[in-house]
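Everything below concerns the one structure shown next.
In this note's numbering, the protein residues as written are 105 to 555.
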């Protein structure tokens, strides 16, 4: 008989916390090893977390809706199926924004034993009053000390918000593990007027400073889910970060439509996958990114990082939000490989079966609202990338073309509008237009070879 701690897993190198959104088992239930035990939400992914061992769910420590640091014990399993279960304990007293150690990324399954934490400094109990006020200086530790490095290693979102408001993170006392400053700490500090004292008066006004709307009689009010709240934060941060510009190209998909019609049955028999338009577009994009590497880049201060791999993120609409799984090293995949990766990632995203590593390290993103009938869009860039491609509805349209004898004639063609939102800080309009012209040519002259 053994008692096994189930902890909040670290879902990526930069992830310090997660929200336990739903328990899939109740106290007293028998659980098989690797059977889904609970669902979590982070700023990277919504996922089902499997049980680390077989047994009985003896105790639930963290209740639904709580946000806790990675490696926090969320439940306990009893390996002896005949063992008695403990009475439900009180919800864990963990600050909603608690941080964690900055260890290396851990696999998705819930870890066993909190003591077996990831590399990095050992977890400590939450400290501070959580109000984001300035500390007394002595508790800061010497500049460059381990304590200071722990406190200032906040999440990318916290650092971005702090930069926007001119707040020095090292001047705050956080409520997270080892005194890390969490988003809640920072927002409380800003709401208390600390931003003006920190010199944020010179920063542009944020929409968060506008008057809050009040509900009217008959209105329905819902609290944002963790995923929706994080999407909102990321979208606003991206608009503040990148100089967004968009261009628009009409692309003729008639040749691709004919290739699909000709090879669809053979392709499905050989691969078990449906042949859609999207893999042709991804293939064209990967070739264009090779030709124009500045579109496959990232901005780091006054430096440009030209990414070597081409990792294509594909936006997948979910009933509860949006997620962007990533096809890694897409430049090395054939049309068949792209189709298989695309369908696999999309299906597992909708089933909450993605590994957190599968939504990380994208270098370029494609979104496809055309499946819902949208003709054109201007999407927000997925940070820290510098461009995102939007696919409009692919439909038949009357077009003027040049006939065999050089005369103008009207024909029915299968077309769509593609748009590119790009970061004008490093991507010039000419390069963006050349990139899109390359994509257009590649699609309109697609190869007959699909297998």
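Note that beta-carbon positions come from the ideal geometry of N, C-alpha and C, so glycine has one too.
Pick from the options that is closest to residue i, judged by C-alpha positions
i	options	result
residue 370	440, 398, 397	440
residue 409	443, 383, 514, 397	397
residue 155	405, 162, 167, 138	138
residue 549	454, 388, 376, 272	388
residue 485	525, 479, 519	525
residue 337	523, 348, 291, 540	291
residue 480	110, 136, 270, 350	350
residue 464	427, 380, 325	427
residue 381	511, 375, 364	364
residue 133	112, 163, 111	163
residue 356	375, 372, 500, 407	500
residue 353	528, 278, 521	521
residue 362	322, 373, 379	379
residue 375	534, 127, 438	438
residue 534	509, 315, 399, 407	399
Euclidean distance between Cα positions of residue i and residue j
i	j	result
residue 553	residue 419	27 Å
residue 286	residue 435	38 Å
residue 490	residue 414	13 Å
residue 401	residue 546	21 Å
residue 125	residue 505	55 Å
residue 366	residue 166	55 Å
residue 488	residue 294	25 Å
residue 173	residue 411	31 Å
residue 386	residue 432	12 Å
residue 120	residue 335	17 Å
residue 342	residue 540	22 Å
residue 129	residue 168	12 Å
residue 273	residue 416	33 Å
residue 557	residue 425	Examination of residue 557 is not possible in this model, given that the chain is present from 105 through 555 alone.
residue 347	residue 327	31 Å
residue 511	residue 445	44 Å
residue 344	residue 461	26 Å
residue 377	residue 492	26 Å
residue 515	residue 368	24 Å
residue 113	residue 181	16 Å
residue 243	residue 284	The pLDDT assigned to residue 243 is 38, lower than 50, so where the model puts this residue is not dependable; a value taken from the coordinates is nonetheless given after this. Residue 243 and residue 284: Cα-Cα distance of roughly 13 Å.
residue 322	residue 373	54 Å
residue 278	residue 289	6 Å
residue 528	residue 405	15 Å
residue 407	residue 333	30 Å
residue 179	residue 269	38 Å
Same chain, Cβ closer than 6 Å to residue i, five either side skipped, listed in chain order
i	result
residue 123	145, 171, 330
residue 93	This structure cannot settle anything about residue 93, because the visible part of the chain is limited to 105 through 555.
residue 152	140, 143, 456
residue 536	351, 524, 526
residue 542	392, 395
residue 466	415, 417, 430
residue 150	331, 456
residue 358	517, 518
residue 538	none
residue 447	377
residue 267	none
residue 390	414, 434, 435
Segment limits, beta strand (DSSP E) that includes residue i
i	result
residue 348	348 to 356
residue 383	No beta strand (DSSP E) contains residue 383, which is instead part of the alpha helix (DSSP H) from 382 to 395.
residue 145	140 to 145
residue 163	159 to 164
residue 502	499 to 506
residue 469	468 to 471
residue 152	150 to 154
residue 107	107 to 111
residue 524	512 to 527
Check whether residue i and residue j have beta carbons under 8 Å apart
i	j	result
residue 429	residue 449	yes
residue 340	residue 530	no
residue 519	residue 503	yes
residue 158	residue 135	yes
residue 383	residue 469	no
residue 109	residue 177	yes
residue 262	residue 175	no
residue 422	residue 454	yes
Proximal residues to residue i (C-beta, below 8 Å), its chain only, five neighbours per side dropped
i	result
residue 477	497
residue 513	504, 505, 506, 507
Opening and closing residue of the alpha helix (DSSP H) in which residue i lies
i	result
residue 333	330 to 345
residue 539	533 to 548
residue 454	439 to 454
Interface flag, residue i vs chain B, CB-CB below 8 Å
i	result
residue 109	Among the protein chains of the structure shown there is no chain B, as only one such chain exists.
Beta-carbon contacts of residue i that lie in its chain and below 7 Å, excluding the five residues immediately before and after
i	result
residue 360	381, 384, 547, 550
residue 319	325
Distance cut-off 7 Å: residue i Cβ against heavy atoms of the ligand MN
i	result
residue 144	You won't find the ligand MN in this model; it holds no ligand whatsoever.
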